[in-house]
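S.K.: Protein chains in written order, with the UniProt record's numbering: chain A, 1 to 207; chain B, 1 to 207.
Ideal Cβ positions, reconstructed from N, Cα and C, are used throughout, including at glycine.
1. Please report the distance separating the alpha-carbon of residue 67 (chain A) from that of residue 4 (chain B).
2. Measuring straight from C-alpha to C-alpha, what distance separates residue 111 (chain A) and residue 121 (chain A)?
3. Whose C-alpha, out of B:113, B:168, B:138, is nearest the C-alpha of residue 87 (chain B)?
4. Between the segment 148 to 163 of chain A and the segment 54 to 72 of chain A, are three or more C-beta pairs nearer than 8 Å?
5. Are the C-beta atoms of residue 51 (chain B) and some chain A residue less than 8 Å apart?
6. Along the chain, which unbroken stretches of the beta strand (DSSP E) at least 3 residues long are found entirely within the UniProt domain "Toprim" (81 to 176) of chain A?
7. Which residues in chain A sit within 7 Å of residue 1 (chain B), going by Cβ to Cβ distance?
8. Please determine, among B:1, B:199, B:196, B:187, the residue with the shortest C-alpha to C-alpha distance to residue 97 (chain B).
9. Would you say residue 14 (chain B) reaches chain A, if we count a Cβ-Cβ gap shorter than 8 Å as a contact?
10. Leaving out five residues before and five after residue 25 (chain B) in sequence, what residues of the same chain have Cβ atoms less than 7 Å from its Cβ?
11. Can you confirm whether residue 30 (chain B), when its beta carbon is compared against all beta carbons of chain A, has any partner nearer than 8 Å?
12. For residue 170 (chain B), which option in B:142, B:41, B:73 has the closest C-alpha, if you only look at C-alpha atoms?
13. Pairing CB atoms from the segment 37 to 49 of chain B with CB atoms from the segment 31 to 47 of chain A, are three or more of them under 8 Å?
14. Starting from residue 13 (chain A), follow the alpha helix (DSSP H) in both directions and report where the run begins and ends.
15. Name, going along the chain, the residues of the UniProt zinc finger region "C4-type" (58 to 73) of chain B whose beta-carbon falls closer than 7 Å to a beta-carbon of chain A.
16. Measure from the C-beta of residue 188 (chain A) to each C-beta in chain B and report whether the shortest distance is under 8 Å.
17. Taking 8 Å as the threshold (beta carbon to beta carbon), is residue 206 (chain B) in contact with chain A?
18. In whole angstroms, what separates the C-alpha of residue 78 (chain B) from that of residue 72 (chain B)?
19. Is there a C-beta anywhere in chain B that falls below 8 Å from the one on residue 193 (chain A)?
20. For a minimum of 4 consecutive residues, which ranges assigned as the alpha helix (DSSP H) are wholly contained in the segment 28 to 56 of chain A?
21. Could you tell me if residue 76 (chain A) is buried or exposed, where buried requires 16 or more neighbouring beta carbons within 10 angstroms of its beta carbon?
22. At least one CB of chain B closer than 8 Å to the CB of residue 42 (chain A): is that the case?
23. Give the interface partners of residue 27 (chain A) over in chain B, defined as CB-CB distance under 8 Å, in chain order.
24. Comparing the CB of residue 7 (chain A) with every heavy atom of the ligand SAH, is any distance shorter than 7 Å?
25. Here's the rule I'm using: 16 or more other beta-carbon atoms within 10 Å means buried, otherwise exposed. How should residue 200 (chain A) be labelled?
26. Any idea if residue 144 (chain A) is buried or exposed, counting beta-carbon neighbours within 10 angstroms, 16 or more meaning buried?
27. Thinking just about the alpha-carbon of each residue, which of B:33, B:153, B:63, B:104 is nearest to the one in residue 17 (chain A)?
28. Buried or exposed: residue 207 (chain A), going by 16 or more other Cβ atoms within 10 Å of its Cβ?
29. Let me know the secondary structure DSSP gives residue 2 (chain A) once reduced to three states.
30. Helix, strand or coil: which one does DSSP assign to residue 21 (chain A)?
31. Around the C-beta of residue 193 (chain B), are 16 or more other C-beta atoms found within 10 angstroms, so that it is buried, or is it exposed?
32. Can you confirm whether residue 5 (chain A), when its beta carbon is compared against all beta carbons of chain B, has any partner nearer than 8 Å?
33. Is residue 124 (chain B) buried or exposed, if buried means 16 or more other CB atoms sit within 10 Å of its CB?
34. Give a yes or no on whether the C-beta atoms belonging to residue 14 (chain B) and residue 91 (chain B) are separated by under 8 Å.
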């Protein structure tokens, strides 16, 4: 693409760096912003920079948070002895949208995947074990994407917790094997939380 | 969607205001930016705000420009007596990408469309007529989207210029009727400029 304006070109190039956005879409978005008044564009621009500069991670569950403790961990009305273990903050948002869960979360930051060079040390697994001990956790619900890496992670963590007197469950497999958790519809996801099952009964369990 | 962070929520909402971007895509883009380092996000944020605040319109052809005169109008190597009339800056970018045209442009800002309340006065038609007089224009090439509104606009402008001794052409109809100019592939668009035809010979011409 050949541009008559460097300012326009820079803005288009910045948008085109985002995943799934090509040059034509980037141009469309930029021309849309160009039609908006300056205050609206300022709001857009500032919301993004502010988010990047000021956002924190909850020191307890590693969720994205404005403060030291995220809204969920700070909410004393939620069940404090139940932790749902997820890969990423997107899964927290998906599960929260079902309004079927009122315990806490623990965000691993991924799953064990030796092929991608991700081992237990790169994930928030030690901090999870520590929480189980310190917070007198009664139940751990795994809500990981149903694939080999997710299963490996469940196996690894539940082996580490074998000696503890806690219930370890995984959300029901309503989601197709190989599917991604965040794209499940809310109903399927809600049911998979209600119908969670003990890891040892879990059909297809190879460990 | 329920968010644990207001900063995150604001950023997602701002992205979701853009055309064609829903909440899930917005979240994906925001989480992508969150993984980038602060300087990259600053570049993104600043490029967009700077573009909105500092961009001008060329006083001659109404193209987007950093200065009073756009790069194309300021380029003395281009043919000064040939003006390509287009709807929007996106069409200029599309035609420039073909590298088949080295005259000037005139951006109308739309086409005559009474149903949308767009009449000749809302468009840069008077300024085009003025340019034809003042710049000793020899040829006017219409490169408007091939639909009723585009045809009406060609008709209106060429009627106004009937008395002048200039050649008025339209790009060849290589593009399907009802199609959008900006989505044409470069080869079709390039040929449609090379094979431009006088308006009076144009098949399908009802006026």
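M.R.: In this structure, then:
1. 10 Å
2. 11 Å
3. B:113
4. no
5. yes
6. 82 to 86, 104 to 107, 139 to 142, 167 to 170
7. 93, 97
8. B:187
9. yes
10. none
11. yes
12. B:142
13. yes
14. 6 to 16
15. 63, 64, 65, 66, 70, 71, 72
16. no
17. The predicted position of residue 206 (chain B) is uncertain, since its pLDDT is 47 and thus under 50; a value taken from the coordinates is nonetheless stated next. Not one chain A Cβ lies under 8 Å of residue 206 (chain B).
18. 8 Å
19. no
20. 38 to 54
21. exposed
22. yes
23. 90, 93
24. This structure simply doesn't include the ligand SAH, nor any ligand for that matter.
25. exposed
26. buried
27. B:33
28. Per-residue confidence for residue 207 (chain A) stands at a pLDDT of 44, beneath the threshold of 50, marking its modelled position as unreliable; the derived number appears in the next sentence. Under this definition residue 207 (chain A) is an exposed residue.
29. coil
30. coil
31. buried
32. yes
33. buried
34. no
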